[in-house]
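In my numbering, the protein residues as written are 18 to 369.
No residue lacks a Cβ here, since even glycine has one placed at the ideal position from N, Cα and C.
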Ligand code: ADP
């Protein structure tokens, strides 16, 4: 940062120069109006005039400029750091108004620059987000339009086509609902409006319930969902059961979606101090290391075609990450291409 100029000494020098000039003006005044120059009167009035102008200028400098700068500094300080306590006037008097103003203006410029960068970032995110959303919605909407069009133009009376196309239209509408639900969840999570409803529950039981609800999906691929141990006794956690269910359903159904026929997903639950660690491991496709850092981004898919064919919205892992972050927890992933993937996250076992 540039060193602020020493304005105090400059103001003092200026004050003296202006005062001397005014004394010079006084001499000219005496000469012009031919007032007899009595040495004592002149010296005395010159001295008084000089002292008065020094005092007047200094008073002006202190009262108007310094106070004005101090107040300005305080206003900028509170704008920069809105949570700070406003200073009382005694504390303000201690500051060097010009020096502080110089520092504050630089801080303000830096803050503005950060705000501008942030604004650019939000703007590009908004454009990208809208682009992604409309792209995701387009496919199922166009599909429904195509099926209805075919039905209206003769398909309705064709028994080969009508039920089949109605079923396909229904599937596309289900997909639309999935996308809208996921978008709603992610908006709530990102805007911080989602309120967690935490309570104590048995995570092992929750996993068993989810296995039952996904059994049909798994059976289509003769896929096995297994627990690493029996977990006869409850494993209590303190979290939002609905949201943790969402996390587990996303992870387990992904493992089925991207798993092999006759593949397997295993859940391991272990306790570590005040945390319960959950691992979801599969022996499926695996994820290339180049994609791993991005899979938690919204709409990011490794294989777009495969994801859409499986009914994926590209939002699942992003939702998972947000839910865990709302619980002040994180998720990690390890994967070997062609061997399988493990997602690991923790939840608190005690009330926090
Ligand atoms: P999607 O709706 O496409 O499944 P997700 O956010 O749930 O979106 O996942 C992002 C991408 O990460 C998926 O498209 C897929 O390529 C990859 N992925 C997620 N889970 C697995 C897994 N268990 N095995 C292999 N790839 C996975």
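Return yes when at least one heavy atom of the ligand ADP lies under 6 angstroms from the C-beta of residue i, else no.
i, result
"residue 275", "yes"
"residue 319", "yes"
"residue 272", "yes"
"residue 148", "no"
"residue 324", "yes"
"residue 333", "yes"
"residue 305", "no"
"residue 358", "yes"
"residue 429", "The displayed coordinates of the chain run from 18 to 369. Any statement about residue 429 would go beyond what the structure contains."
"residue 280", "no"
"residue 302", "yes"
"residue 312", "yes"
"residue 299", "yes"
Once DSSP output is grouped into helix, strand and coil, what is the label at residue i?
i, result
"residue 62", "helix"
"residue 167", "helix"
"residue 127", "helix"
"residue 68", "helix"
"residue 287", "strand"
"residue 316", "coil"
"residue 32", "helix"
"residue 159", "helix"
"residue 4", "This structure gives no information on residue 4, because the portion of the chain shown stretches from 18 to 369."
"residue 18", "Low confidence applies to residue 18: its pLDDT is 46, below 50, so where it sits in the model is not reliable, and the reading given next is rough at best. The answer is coil: DSSP assigns residue 18 none of H, G, I, E or B."
"residue 112", "coil"
"residue 55", "coil"
"residue 134", "helix"
"residue 308", "coil"
"residue 346", "coil"
"residue 76", "helix"
"residue 177", "coil"
"residue 86", "helix"
"residue 197", "helix"
"residue 250", "coil"
"residue 105", "coil"
"residue 81", "helix"
Report the partner residues of residue i according to the DSSP bridge assignment.
i, result
"residue 299", "282, 358"
"residue 364", "293"
"residue 352", "358"
"residue 256", "216"
3 or more residues per run - each beta strand (DSSP E) lying fully within the segment 204 to 246 | 216 to 219, 241 to 244
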